[in-house]
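Written out below as structure tokens is the structure these notes cover.
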Amino acid sequence: MNLFTGTRSKGSTARGKRFRSALPALAAASTAAALAITVAAPTATAAPGAIPPGLSCDTGKHAIDDYTGFALCRNNGSQTQTFWVHLVCGWSPDVDGNHVTLRPGESGQSTAHCAGLGTGIGEIHVRP
Numbered sequence: 207m208n209l210f211t212g213t214r215s216k217g218s219t220a221r222g223k224r225f226r227s228a229l230p231a232l233a234a235a236s237t238a239a240a241l242a243i244t245v246a247a248p249t250a251t252a253a254p255g256a257i258p259p260g261l262s263c264d265t266g267k268h269a270i271d272d273y274t275g276f277a278l279c280r281n282n283g284s285q286t287q288t289f290w291v292h293l294v295c296g297w298s299p300d301v302d303g304n305h306v307t308l309r310p311g312e313s314g315q316s317t318a319h320c321a322g323l324g325t326g327i328g329e330i331h332v333r334p
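Numbering (the numbering used here), first residue to last: 207 to 334.
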């Protein structure tokens with residue numbers, strides 16, 4: 207129907223059908239694009255943080271508890287350093303472990319535990 211004249215248009219029904227058939231395709235394409243952006247965004251930020259200079263560290267999850275993470279570090283530098291483990295816990299708030307101070311040549315471990323309500327450890331970082 208022509209909104210300006212109030213009369214029905216004749217002979218252009220094919221154009222209306224093409225437009226209506228294009229709507230589902232457009233909706234599917236925009237949904238796919240939105241999902242691709244949503245899926246790609248977390249992977250871009252999932253890179254673990256750099257280990258502070260002068261420390262050599264091993265990080266991981268506890269052998270029998272996926273909610274407990276650790277950082278075992280050795281001070282290879284010439285100055286005293288303090289570090290701690292930082293856990294990204296998914297649905298639960300992130301947590302920091304105990305602060306450990308190491309003199310040159312010493313080793314130590316910092317541990318932390320994510321809340322049991324969450325999805326467990328997503329990332330483990332060593333913070334200076």
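C-beta atoms are modelled at their ideal positions from N, C-alpha and C, and glycine is treated no differently.
How big is the Cα-Cα spacing for residue 276 and residue 311? 19 angstroms
Taking its Cβ as the centre, do 16 or more other Cβ atoms sit within 10 Å of residue 318, making it buried, or is it exposed? buried
Please say whether residue 260 and residue 296 have beta carbons closer to each other than 8 angstroms? no
Once the 5 residues before and after residue 306 are set aside, which same chain residues still bring their CB inside 8 angstroms of it? 279, 288, 289, 290, 314, 315 and 316
Have a look at residue 328 and residue 262 and give me their C-alpha separation to the nearest angstrom. Going from the Cα of residue 328 to the Cα of residue 262 covers about 21 angstroms.
Among 271, 265, 264 and 331, whose alpha-carbon lies nearest the alpha-carbon of residue 302? Comparing C-alpha distances from residue 302 to each of 271, 265, 264 and 331 shows the shortest one belongs to 331.
Candidates 266, 269, 294 and 264: closest to residue 325 by CA position: Nearest of 266, 269, 294 and 264 to residue 325, Cα basis: 294.
Taking 6 angstroms as the limit between beta carbons, can you name the residues of its chain near residue 321, skipping five residues before and five after? 298
Residue 284 - DSSP class collapsed to helix/strand/coil: coil
Straight-line gap, residue 266 to residue 286 (C-alpha atoms, nearest Å): 24 angstroms
As assigned by DSSP and simplified to three states, the class of residue 325: coil
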